[in-house]
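Below is one structure, written out as structure tokens; comments come after it.
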Amino acid sequence: MLKAVLFDLDDTLLKTSTEAFLRRYFVTIGRYAAELMPPEKLLAELQYCTRMTIENVDTAVTNHDVFWQCFSTRNNLDIAETEAFFDQFYRREFPKMQSLTHPVPGASAVVQACLDAGLKVVIATNPLFPAFAIEERLRWAGVPAEEYPFALVTTMDNMHASKPNLAYYREILDMIEVEADTAVMVGDDWKRDILPAHAVGMHTYWIAPDDVQPPNADIPCGHGSLAHFYDSLKLSGAL
């Protein structure tokens, strides 16, 4: 029996032009943080410490602590002061990037239907951003956390692993207290969403164009649009 639905965010609930979004993001944050270091150095440092966070296997340490320890140590900065500095970026500048995104059609409806059915709903976005930034993007997707009672929203502050680490999915299951075979992961990224979720025993649904087949036919998963996932839940009796 299905008990939980995990939704990826980017290109699952929120349509994002990733290349354009990242280009604007790095230009904006580089301009904002110019007093700390040149934009080119900031970009390199952000990318390096993000990579270290993704590769971290010490599940006793949060992604938040891994990233900020890396960034502050490499650049001889005070952690608390630097984090507070960038927190203001996410509160003042980050919301201006909404124009580069739009909600996936039907996103709020399928999320609400899952909640109405008594399912635990998790926003399983890669936890490499602070809570405020992810909550802001949920607003862009039309599913603000203050209005939708999610069982969990994964952020760098509350998670100890990242996609595609299997530990990320296991930690979610532990936190929401469900078994893997009673949960389904819904996402557009085959390598980060589908393969690792399948590996820990979860059901999976790959968000992809109707005419695109899964890369590996040996991995059992549903696939199609978010609307088709909604229909499949209704047909299965889960809703």
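Under our numbering, think of the first position of the sequence shown as -3, with each following residue one higher.
Backbone N, C-alpha and C fix where the C-beta goes; we use that ideal spot for every residue, glycine too.
Quantities reported herein were computed from a predicted structural model and do not represent experimental measurements.
query                                                                                       : result
Inter-residue Cα distance where the pair is Arg47 and Ile215                                : 27 Å
Whole-angstrom distance between Lys159 and Arg188, CA atom to CA atom                       : 5 Å
Beta-bridge partners of Lys11, as assigned by DSSP                                          : His98
Which listed residue (Thr49, Val53 and Ala56) has its alpha carbon closest to that of Trp64 : Thr49
Candidates Ala157, Asp7, Arg166 and Ala30, of which the one nearest Gly220 by Cα            : Asp7
Straight-line Cα distance separating Ala29 from Glu41                                       : 12 Å
heavy atom of the ligand ZN below 6 Å from Leu191 C-beta                                    : As far as ligands go, the structure on display features none, and thus does not contain the ligand ZN.
Contact set for Val107: own chain, Cβ-Cβ below 8 Å, skip 5 residues either direction        : Phe3, Leu9, Val117, Val139 and Tyr144
DSSP three-state assignment for Ala0, whether helix, strand or coil                         : strand
Beta carbon of Asp153 nearer than 7 Å to that of Ala137                                     : no
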